[in-house]
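Here the sequence shown is numbered in the working numbering, starting from 40 and rising by one per residue.
See structure below.
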Amino acid sequence: MKYVETSVLNKWLDELLQSNKFNDCCPNGLQIEGKDKIKNIVVGVTACQELIKAAIIKKADALIVHHGLFWNNTSRSISGIMKNRIKICLENDLNLFSYHLPLDIHPTLGNNIQLGKILEFDIIEESYDKNSLLMFGSYKKEIEAKELNFHISKKLNRSTLLIGNSNKLINKIAWCTGGAQNKFTEAIESGANIYITGEISEPIFHISKELDIPFICAGHHATEKYGIQALGIAIQKKFDINVEFIDINNPI
């Protein structure tokens, strides 16, 4: 059976995703070292205990995620759920890789570009600038906000929340996957007349109403499933090894 050495995969991923270019809120790359040789890989969104256990059941040698274990604002104490997650990885010699911002805005594999494809948007501006996470595009026709919201809900197979003027005609769309509600004002200032992201917070309602720019909350997990799948396909093509995506559903 074919395999790739852990060090080789680590270097290839770091170079592909240009992880050293980002000032991120977490470490990107190999977070937990396991086996030296990797034959089977599982990819998923978040390194929760359920996904780690699912990877082990699949006899994976490596788990690659978008949301890893370590974050700048979390405790450095290895206790509680952190202890449990790390313990399972170490006991099973499972490599854990994580790529956050590098996987959000990669120009071909990233969550932003992949979500745009899923939603059938025509990309008119794309950013691979570490200082800007937004992407801009348009739908195939001018469309009311409520129609666009329905389209997104169908494509993502989940309920989505539309805030603001549902009848507004939309011709320039801005989006950023995950928890990027803080980019709403930047999107508006860039000329977008609707903004899509994965999460929402209280001030958004008032901003949307006062500036007459609709806002769609489509789910953090739901908007960030596609980059990791695209990365998995790229790994499979490059190294000819088994890669499987496992979706641990999260309604948030």
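Even for Gly, the Cβ is constructed at its ideal location relative to N, Cα and C.
Just so it is clear, the structure is predicted and the values come from calculations on it, not from any experiment.
Could you tell me which whole beta strand (DSSP E) segments of length 3 or greater appear in the segment 190–274?
Uninterrupted beta strand (DSSP E) stretches at least 3 residues long and entirely within the segment 190–274 occur at 200–202, 212–214, 233–236, 254–256, given in chain order.
Among residues of its own chain, excluding the 5 on either side of Glu238, which ones have a beta-carbon nearer than 6 Å to its beta-carbon?
Gly218, Gln220, His259
Return the residue from the list Ala269, Glu263, Phe175 that minimises the CA-CA distance to Asn288.
Glu263
Any heavy atom of the ligand NAD closer than 6 Å to the beta-carbon of Met121?
Absent from the structure shown: the ligand NAD. Ligands present: none.
Closest residue to Ser16 among Tyr265, Ile71, Ile212 (Cα-Cα distance)
Since the first residue of the chain shown is 40 and the last is 291, residue 16 is not available in this structure.
Same chain only: Cβ atoms within 8 Å of Glu181, ignoring 5 sequence neighbours per side:
Leu208, Ile209, Asn210
In this structure, how does DSSP classify Asp143 when only helix, strand and coil are distinguished?
Residue state, collapsed to three classes: helix.
For my contact list, Leu270 and Val84 are in at a C-beta cut-off of 8 Å; report their separation, rounded to the angstrom.
Their Cβ separation, rounded to whole angstroms, is 12 Å, which puts Leu270 and Val84 out of contact at 8 Å.
Cβ shell of Gln57 (< 7 Å), same chain only, five flanking positions each side left out:
Pro141
By DSSP, does Leu129 sit in helix, in strand, or in coil?
Leu129 falls in the helix class under three-state DSSP.
So the candidates are Ser116, Gln268, Ser198, Thr236; which of them puts its Cα closest to the Cα of Thr216?
Thr236
In this structure, does DSSP put Gln37 in helix, strand or coil?
Absent from the structure is residue 37, since the part of the chain shown begins at 40 and ends at 291.
Same chain only: Cβ atoms within 6 Å of Ala93, ignoring 5 sequence neighbours per side:
Ile285
Cα separation between Ser177 and Ala184?
Between the alpha carbons of Ser177 and Ala184 lies a gap of roughly 12 Å.
Who are the Cβ neighbours of Ile274 in its own chain at under 7 Å, not counting the five residues just before and after it?
Ile80, Val282
Spatial distance of Lys74 from Ile91 (CA atoms):
15 Å
With C-beta atoms as the reference, is Ser247 less than 7 Å away from Ile202?
yes
Please classify Ala99: does DSSP put it in a helix, a strand, or coil?
coil
Asp161 to Gly155, Cα distance in whole Å?
8 Å
Just tell me which of Tyr138, Lys122, Lys126 has its CA closest to the CA of Cys65.
Tyr138
Extent of the continuous alpha helix (DSSP H) run through Glu368:
The displayed coordinates of the chain run from 40 to 291. Any statement about residue 368 would go beyond what the structure contains.
If you measure between the beta carbons of Ile280 and Lys41, is that distance less than 7 Å?
yes
For Asn289, which beta-bridge partners are listed by DSSP?
Asn289 is not bridged to any residue.
Put Asn112 into one of helix, strand or coil per three-state DSSP.
coil
Candidates Ser116, Lys78, Met121: which alpha carbon is nearest Glu89's?
Its Cα nearest to that of Glu89, the residue Met121 stands out among Ser116, Lys78, Met121.
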